[in-house]
Each structure stands twice: as structure tokens, then as C-alpha cells.
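In my numbering, the protein residues as written are 64 to 618.
Glycine included, each C-beta is placed from N, C-alpha and C at the ideal position.
No experiment lies behind these values; they were computed from the predicted model shown.
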């Protein structure tokens, strides 16, 4: 205060002026930015001196209250200085560098909206003032900050004040959580979504499949009703297959036979109201002398049956049921009236399928067939002058009726020709190839009557022994008989007719004979006592003889 000048440090050119006047001084040296506290000299003139270089932090748009009461500012004795006249008139628009404030003064507030935080991140508070290089300032030791001049309050807390000299600001939004920090929750969410999608797909697929199946079965979502012929009375022409089956089925039965070593299934048909049933011998053979035979009728009723009589040479047997009422006998036809090509129907239980009906025609007549021979001694061989049919016959059809268009029996189904086993009875398991054979009913009727009346059947014979190993054309009379007996039985029909050992029989009643089996078949087709005309060859000469058939008891 000796020469009217301040004893403190000189005012810097970037010092902030107080309200009411501006004193400019030349810059002395570049130092960090310092804010000068306003002082009042003792003479009352206002001016700026730098008694204390107090660092005042920049004022925020909304100043916060100080945590302590302002202390009275110490007054340094200074000498009033002459105000320095400006070099030019003050700029009424305060345009730098001639007016104030300049670039060294706080810039006017820049209003910008507070950015919306990402994911709800709070906006960090504004930083305190710095010394211009990012270092926070604090008051000098022992210095009490002067009271601050009131600053205008911002119109809205949503706007910030820009301080170009402050420290670099941090981003208004904090970085989110590190990548993968929420991976577990996202994985769980993705897993739940995946399970839900799979369940939804399964439900949708099931519903779609059900709808598709319904549409496929019904032809659409709407109910479809197809036109249909109304119910009729069910009547059929009597000569149609349906009419024939309807008439014959009630008289056809299925036989189940069981013995000590074997069992089997066959067919039969009712002969009379007394309960006699005709079938094949090979059907009842498994029962033996102590087996059991069960008869099942077309309506499902069952009954026990007993053997009345049987004959292996004709392959026929008669059984009888008792205690059964309402039996319907099947009418018998005449096999001599049958013509090749006549329609026929076969009824039976092939493979135990009872009440099976098949149809065909008569393919041929007078087919000499032999069946059986399982025993090896020839006692079980049957010789049949058969009717051939293409009506399907299979194992289980044996003993069933072959009927004509009048539903009359013309034959008893007995044998089939199989592709792998040749001619055989249906005791085997070969299938039909359209070659079925039936015993003519005329022969069956005679044998059945004898079996019912006497329990035995008679066979027509000529009283000679045949050489079954002869391979030439015809049937050759042997040189010796069984047990060294004569080949021509003395006093028999053959001996009486003049047959001699070594003769070859070539015809029976004008029909050619090619083998010994065929001769037996031709003879068995007749009754004992019938007269036959035979053609034979003896020493290269053809001869004709006539004989009356004898009788022998069958087995």
C-alpha cells in the first residue's frame, strides 16, 4: 500500500471479473488456471486484486449448499488503483475479444437433453471443478472460501451445464453387464422356449394327423353317405351255388377224430334220420378201436359218434350219432347220369374251416385211382373208379358231399392229386391244384347199405391173382398165387370162364385196361353177381370171354 498498488500477486488475464466493472492487465506468465476471489479495497472502489489465489471450482447449473457456514473474508490493505481506460468502446454485444466475457470466461450454458440411460443405467453426477488438466482443486490451507454469489437456477434439472475447462467427462451411460453375464437366464429362457416349441409341434402334429386320418377315411370333414341297395329277402335260385349251399349245408357235418397216436379232421353228411353219417375210412381210421369221434353240425351243435362199419378197399365208413333230433338227410343222386362239364359244388371243412363251399365242374369220369398203401402190405389200398372235378378240395374235405345243381349227392370227396406227392388221400397236407376225385355215389350207396346192415362190405372178384410188376399194356395173370397157391382160384369165376395163368386181360366191357390196378378198379365198380365181358391175349392171340363176378368180404 506504499505506492498505491496492491502488494499481492498481479491479476491474471484470465481472471474472472466481478460484477460492476472490468480491469484488464497484461498477462504475466502462463500458469494453471486460477480463479481470483473478488475483494473490496478500503477506499470503496471496486476492483480486482489477487490477495489470495483461491481455487474456486466451477459453479454447476444448480449450486449445492456448502457443508459449513461461510466465514468472513479477510480484507487485505490495498491501495486503490486508477482504473485503466479501455482501448475502445465496450462492445454492447459482448463479442470477443473486445467485449466480455471472452473465451476465458464461462461459456453460456449449453442446453442439451439428458440422454435416456440404456437398460436403466443411472446418469453419473457432474464432476467437481478441476484445474484445467483434470486434477481436482481444493482451497489453500488456512483459506476460507468466500460466500458465493447466487447463480441463476436452471429452468429444468433435465439440462446440464457445459464446462469447457473441466475434466473429460465420463459417458452419460454406464456400460452394461459384460457379455455372457446373463447367459444362464438366457439359456434357461431359450430352453423353455425350445421345450414349449417342441410340445406345441407335437400337439399340432397329433391334431393334424387325427384330422388327416379322419379326412382320409371319410373323404372330407363332412359326413359322406354312399348309395346302397336296400335289403332284399335273400332268396336265390335253387340251382345257383348259393341256393345249392343253402339247401345242402344243414346236412353236412364236421368230424373231429382223436386216437392214441394221431388225430384228424374230416367231413361227412347225414344219410337218414336215424343218425347214420357217411364219410371216408381214412377219416375215422385214427380213432382205432378206442378213440373218440365228435360230430359238429352246421348250426354248431356237437354229438359223440360211434363207428358202424368201415371198408378200406372202398375207403368208406359209416358212423352214427344218438340223441340228436331234427336231422336232415341229404338226398342221393345217380352218378351214372353225370356228364363231363356238369356243374358241381363241394362242401366240407378244409383245414378245419367248417361249412366251406367251393364250386366247379365234372372234369372227367371213370378215373381209376388208388389211394392209401401206408401199411405196406396192400391191405389199406383203396381202388376207386372216380369222378374227377376241379372244385377245390383240400385236407379236411374228405368224406364231404359233391352235389349237383339239384343239391343231390353224386360223389364222396376222397382224394386229390397234389403237385408234389401225386395221387393221395387227404390225410396229407398237400393243397388243391384243381385235381380232385370223388367216389361215385352209386358205389358209395351200396357200400353204405352193407355197412349199416351187416357192418361189412362185399367186394366183386374174378378169382385170379395178378402180376402187379408187369409193365406191359394190360393186366397180366400171375403164374403163382399168394402162399404158393394157384394164380387162378379153382372153381372161381375166372376158372369157370377159362382164364389161365399168363393171360393178359386188355378190356372190360369194351373199355381198354392198361394195368393191374386199373382192372381192379373196373371190377370194383360193379356189384357181385354182375356179368362182365373180358378181352384177353394168350400166346399172341386175342380172345373174348364172359364171366359172372363173385363176392368176397372186405376189410
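- Message: residue 471 and residue 396 - do their beta-carbons sit closer together than 8 Å?
- Response: Cβ distance < 8 Å, so residue 396 and residue 471 count as in contact.
- Burial state of residue 465 (16 or more Cβ within 10 Å): It counts as buried.
- Message: On the criterion of 16 or more Cβ atoms from any shown chain inside 10 Å, does residue 219 qualify as buried, or is it exposed?
- Response: With a pLDDT of only 48 at residue 219, under 50, the local geometry of the prediction cannot be trusted, and the value read off the model is given with reservation. Answer is exposed; the Cβ neighbour count stays below 16.
- Is the region 517 to 530 touching the region 373 to 392, taking contact as three or more C-beta pairs under 8 Å? Yes, the region 517 to 530 touches the region 373 to 392.
- Message: Just verifying my parser: in three-state terms, what is the DSSP assignment at residue 443?
- Response: In the structure shown, the three-state DSSP call for residue 443 is coil.
- Query: First and last residue of the alpha helix (DSSP H) that includes residue 589?
  - Reply: Run containing residue 589: none; DSSP gives neither H nor E here.
- Message: In whole angstroms, give me the CA-to-CA distance for residue 403 and residue 289.
- Response: So the two alpha carbons sit approximately 45 Å from each other.
- May I ask you to list the residues that DSSP assigns as paired with residue 391? Residue 391 pairs with nothing; no bridge assigned.
- Message: So, for residue 561: in the same chain, excluding its five sequence neighbours on each side, which residues have a beta-carbon less than 7 Å away from its beta-carbon?
- Response: For residue 561, where only same-chain residues beyond five positions count, the Cβ hits under 7 Å are 608.
- Item | Rounded C-alpha distance that separates residue 485 from residue 326 | Its pLDDT being 47, under 50, residue 485 is placed unreliably in this model, and the value from its coordinates should be taken loosely. When rounded, the distance between both Cα atoms is 23 Å.
- Cα-Cα separation between residue 601 and residue 566, rounded to whole angstroms: Rounded to whole angstroms, the gap between the alpha carbons of residue 601 and residue 566 is 5 Å.
- Please name the residue or residues paired with residue 410 in a DSSP beta bridge. Bridge partners of residue 410: 420.
- When you compare only the Cα positions, how much space is there between residue 461 and residue 271? Distance between the alpha carbons of residue 461 and residue 271: 55 Å.
- Distance, residue 507 Cα to residue 537 Cα: If I take the Cα positions, the gap works out to 27 Å.
- Message: So, does the region 354 to 372 touch the region 310 to 318, judging by three or more C-beta pairs under 8 Å?
- Response: Output reads yes: the region 310 to 318 touches the region 354 to 372.
- First and last residue of the uninterrupted beta strand (DSSP E) at residue 607: Judged by DSSP secondary structure, residue 607 falls within the beta strand (DSSP E) whose first and last residues are 604 to 611.
- Message: Helix, strand or coil, according to DSSP, for residue 323 in the structure here?
- Response: Look at residue 323 here: in three-state DSSP terms it is coil, with no helix or strand label.
- Message: Measuring only the C-alpha atoms, how far is residue 336 from residue 385?
- Response: If you draw a straight line from the Cα of residue 336 to the Cα of residue 385, it comes to about 10 Å.
- Message: Tell me whether the region 525 to 535 and the region 498 to 506 touch, counting them as touching only if at least three CB pairs, one residue from each stretch, are closer than 8 Å.
- Response: Judged by Cβ distances under 8 Å, the region 525 to 535 makes no contact with the region 498 to 506, as fewer than three pairs qualify.
- How should residue 617 be labelled, buried or exposed, when 16 other C-beta atoms within 10 angstroms of its C-beta is the threshold for buried? With 16 or more neighbouring CB atoms inside 10 Å of its own CB, residue 617 falls in the buried class.
- Message: Let me check one thing: in DSSP terms, what residues is residue 373 bridge-paired to?
- Response: Bridge partners of residue 373: 380.
- Task: Tell me whether the beta-carbon of residue 432 lies closer than 8 Å to the beta-carbon of residue 407.
- Result: For residue 432 and residue 407, no; Cβs fall outside 8 Å.
- Query: What number of angstroms, rounded off, separates the C-alpha of residue 473 from the C-alpha of residue 405?
  - Reply: Approximately 11 Å between the Cα atoms of the pair.
- Query: Between residue 599 and residue 352, what straight-line distance do the alpha-carbon atoms span, to the nearest angstrom?
  - Reply: Distance between the alpha carbons of residue 599 and residue 352: 44 Å.
- Alpha-carbon spacing of residue 552 relative to residue 342, whole angstroms: Here the C-alpha atom of residue 552 lies approximately 34 Å from the C-alpha atom of residue 342.
- Message: Let's see if you can read the secondary structure: which residues bound the alpha helix (DSSP H) around residue 557?
- Response: Residue 557 -> alpha helix (DSSP H) spans 556 to 560.
- Task: Enumerate in chain order the residues of its own chain whose CB-to-CB distance from residue 313 is below 6 Å, with the five nearest sequence positions on each side excluded.
- Result: So the list reads 361, 391, once near-sequence residues are dropped.
- For residue 265, which three-state DSSP category applies? Reduced to three states, the DSSP call for residue 265 is helix.
- In terms of residues, what are the limits of the alpha helix (DSSP H) holding residue 516? Residue 516 -> alpha helix (DSSP H) spans 504 to 517.
- Query: Is residue 614 helix, strand or coil when you go by DSSP?
  - Reply: Correct three-state label for residue 614: strand.
- What is the C-beta distance between residue 459 and residue 329, in whole angstroms, given that I count them as a contact (C-beta under 8 Å)? Between residue 329 and residue 459 the Cβ distance is about 7 Å, and since that is below 8 Å, they are a contact.
- Cβ-based burial, residue 291 [other Cβ within 10 Å; buried from 16]: With fewer than 16 other Cβ atoms from the protein chains shown falling within 10 Å of its own Cβ, residue 291 counts as exposed.
- May I ask whether a heavy atom of the ligand HEM can be found less than 7 Å away from the beta carbon of residue 289? In terms of ligand content, the structure shown is empty, and the ligand HEM therefore cannot be addressed.
- Any idea what DSSP makes of residue 302, helix, strand or coil? DSSP places residue 302 in coil when its eight states are reduced to three.
- Message: Excluding the 5 residues flanking residue 334 on each side, which residues of the same chain have their C-beta closer than 7 Å to its C-beta?
- Response: Contacts found: 340, 341, 392, 511.
- Query: Once you ignore the five residues that flank residue 398 on each side, which residues in its own chain have a CB closer than 6 Å to its CB?
  - Reply: The residues are 473, 503, 504, 505.
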